[in-house]
Structures are given as structure tokens and as C-alpha cells.
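Note sheet for the following structure.
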Ligand SMILES: *Cc1c(COP(=O)(O)O)cnc(C)c1O
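What follows is the structure, encoded as C-alpha cells:
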């Protein structure tokens, strides 16, 4: 976070951390902590970088909601021209709620329910990415019941082994639960072509997340292109889209983010040869660097030779460190001069509740604020109420202005769905 405002949206101005033109200290005072703060300029910058990379061929960018589905961010991305990529009925609801036209929404996911597929068909989305033969048959049946023809794309498992930083974010390897095994795709495509209420409009893959190398995309795209050619040989010529998924990495620490110019020169020619429209489903790349989590230090303590900073945010607000072993930059709101090696932990009753281990950090004291960087993707979206903690507020900064885009939860939200006087049903057989 020592970088310029232009690359990250976050920088120190007169000793205090800022998001664009707004002091994060000001936001912490006004809104309280913990609070997620997003930089609109960073989101615009990342989106425009992708647009620029893809400008030479027909393409659509479908932002993946699961990275961050806050309405204001969705509206911002929609205003930039993005479509939406959803993986649940809930995300479809959010996308439509944020004003995406149904025809700008695609729907993926390995376990869509009948209800979710029906909702997608009723809304009239662009297409569903189907992940199995059984799902294609279910889509056909539900479309037939509605007297419509459903656009379907097949998610191919390209069976490419990755070097992503954590096993949980690899999705396109042989034996993973996602997609249709590579050698079964032609069979499922031929079946789809025969079904009366399904139109096969595309092929799709998603390799994994936080990828920094371009080669897996090249290999995967070549594999998809070879299936397109094979299908054409078999007389299937309905395809319109080649969806190469998301996964572009961002910088959290010292990683090299993917070289977009290289991406364009290596991947796009293969797509162009197919004559199909390219679709990308970026999540992390668009929002990852655009968010910071501001937290207040509650206590300092020492235990077993270790120094702890106990913050008012932990795994409930930001799960990535404990779930993926992920690294997030942490800095003091105001520098203290002295630096200590500390574990930054949260208040949750779990030893796995930490934000950073053995980290050099300014010698922050109770009451000080810390700023956890690059939390725009898979941050708030993975927040939970474990320990009956309240999910934090979210704030969007745009230049010199800021707005609360999601209120902090209140205690009443925790108990809202509970049934105070359960209505017992006698299910006895006699
Ligand atoms: C999660 C996901 C994405 C987005 O991945 P990022 O790494 O955030 O870009 C895209 N497509 C599918 C199918 C996904 O599951």
C-alpha cells in the first residue's frame, strides 16, 4: 500500500491513510469499525484495463458476483458496461435488483436447483453454463414446460493442472467437481443438440483463481477451440460464445499480476479463429485491490513469547487468512515509528481467527486504527455472523466523496428469522 493512489486507490496523505480523496480515519470516526471501504476509481481502472485488453475482438465482460455482490458496486460495473455472472438464485436476484438486464446475465455453478434453473429461465437470461448431462436434461425439461428453448453453454473441465496458491481455488483440474470431464463434452454436446428445448450456444471453462501465468489460459482456450472444431465436424454449428471464465490474479504481496498484453497476444488469436464471441468472467481482478478493511485495535497482549494485536475485525469479517492462508497487507492508519513483529488476531473464539501471523507492523496501541489492504474480493462476501457478530458496514469512495452502501448489521438482524414460539406439528404415525 505504499504505491500511488492511481494503482491501488489507497495511499498515505499527510501521514494518514486515504482512499482516493477521503481520509480513512474520517470514515472510521463517522461510520465506526470494522468497515469495508471501496475505491470507485480502482474498479473503473481495472474494468477499463480489461476492456482495453479485449478491444481487438468481439467480447463481453461478465463480472462475477460472488467476489463482491454489494449493490452499489454492481451498479457501478453495470454503468461501465459489464454484464453479470451469477452462481445462485440469490445472486440472480441481486443482479436483477441492481438493474442488470436479464439478457446480460449468465448463470453457472455445479449444483443449480430446479428452482434456480426455473428462475433463470423465467427471467430470460443470456444462457446457463451447464455442468453435467443431467443438468442439461433438467434444463430441457423445465424449458419444455414453459414452451421455450433455453440457451445452454457447457462448462468444460479442461483438466489443466495449475499452480494457484491454494488447492481450494483450483477448479479446472482432472477430478475436480466442476464442469463436464473433457472427454465427455462432445457426447453431452451432441445430446444437447438433439434436445428440443435446449440450444447449445457456447462452451465455458473456469480454471481457478488468483492465476498469474497466462499459459493455462492458452492451453484451456486451445482445448475449447478444438472442441468447437470437433462439434463443427459433427454438424453442430449453433455456438456463439466462448467463455474462458475468470481467475486473473491481483497483487496482494509480491505476486506478479498477469501481463494483460501478453494475455491478449497469446489467448485472443485462438478465440478469434473460432469466430465466436469471447466472454470473460472476472471477479477478483476487478474488485480485489479496490477494497480495504478498517479495524480498531482493542488490546495488545503477550503470550508464550508472542505479541498480539487484538483487533475488532477477524475471520468473521475477513475469512481469507484463516481459510486460504492468504496474505493481506496491514498498515497502521498513522505510523508510530516503532515496528513490532506481531500476530494480528480477531475477537472470535477460534485459534484460527487471525488476520496476519508474525507480521511486522507499527507499534499500534489500543484505540489506533489499522488498515487491511486488498480485501475487495472474497472479503465482505464471505463475512459471517459466527459468534453472533454483526457484519460490518460498507462504504464506497468516489473522489472526494463517500457513501455508506451497506449499513452495519444490528442485533435485531441476528434474531430476525428466529421463531420465538415454534408451531409444533404432530407428525406421529398413529
Ligand atoms: C469464482 C468464479 C469466477 C471468478 O473468479 P475470479 O478468480 O474471482 O476471477 C468466474 N467464473 C466462475 C465459474 C467462478 O466460479
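In our numbering, the protein residues as written are 70 to 499.
Using N, Cα and C, we set each Cβ at its ideal position, and we do this for glycine too.
A quick note: this is a predicted structure, and the numbers were derived from the prediction, not measured.
Close Cβ partners of residue 144 (< 8 Å) along its chain, the five nearest in sequence each way excluded: 167, 168
Cβ pair count under 8 Å reaching 3, the segment 411 to 424 against the segment 326 to 339: no
Collapsed DSSP secondary structure at residue 402 in the structure displayed: coil
Sequence ranges, beta strand (DSSP E) only - wholly within the segment 114 to 177, length at least 3: 128 to 133, 152 to 155, 174 to 176
Cβ contact check for the segment 147 to 164 and the segment 374 to 392: 3 or more pairs under 8 Å: no
Pair within 8 Å by beta-carbon distance, residue 480 and residue 396: no
Any non-hydrogen atom of ligand 1 within 7 Å of residue 375 CB: no
Distance CB(residue 316)-CB(residue 260) smaller than 8 Å: no
Three CB pairs or more closer than 8 Å across the segment 394 to 411 and the segment 430 to 442: yes
Beta strand (DSSP E) runs contained entirely in the segment 308 to 333, provided each spans 3 or more residues: 310 to 312
Segment limits, alpha helix (DSSP H) that includes residue 513: Beyond the ends of the chain as shown, which are 70 and 499, falls residue 513; an answer cannot be given.
Beta-carbon proximity of residue 225 to residue 249, cut-off 8 Å: yes
Integer Cβ distance of residue 462 from residue 476, believed to fall under 8 Å: 6 Å
Touch test, the segment 342 to 355 against the segment 383 to 390, Cβ-Cβ under 8 Å, three pairs minimum: no
Assigned exposure category for residue 200 - 16 Cβ within 10 Å defines buried: buried
Closer than 7 Å: residue 351 CB and nearest ligand 1 heavy atom: yes
Buried/exposed call for residue 312, threshold 16 Cβ in 10 Å: buried
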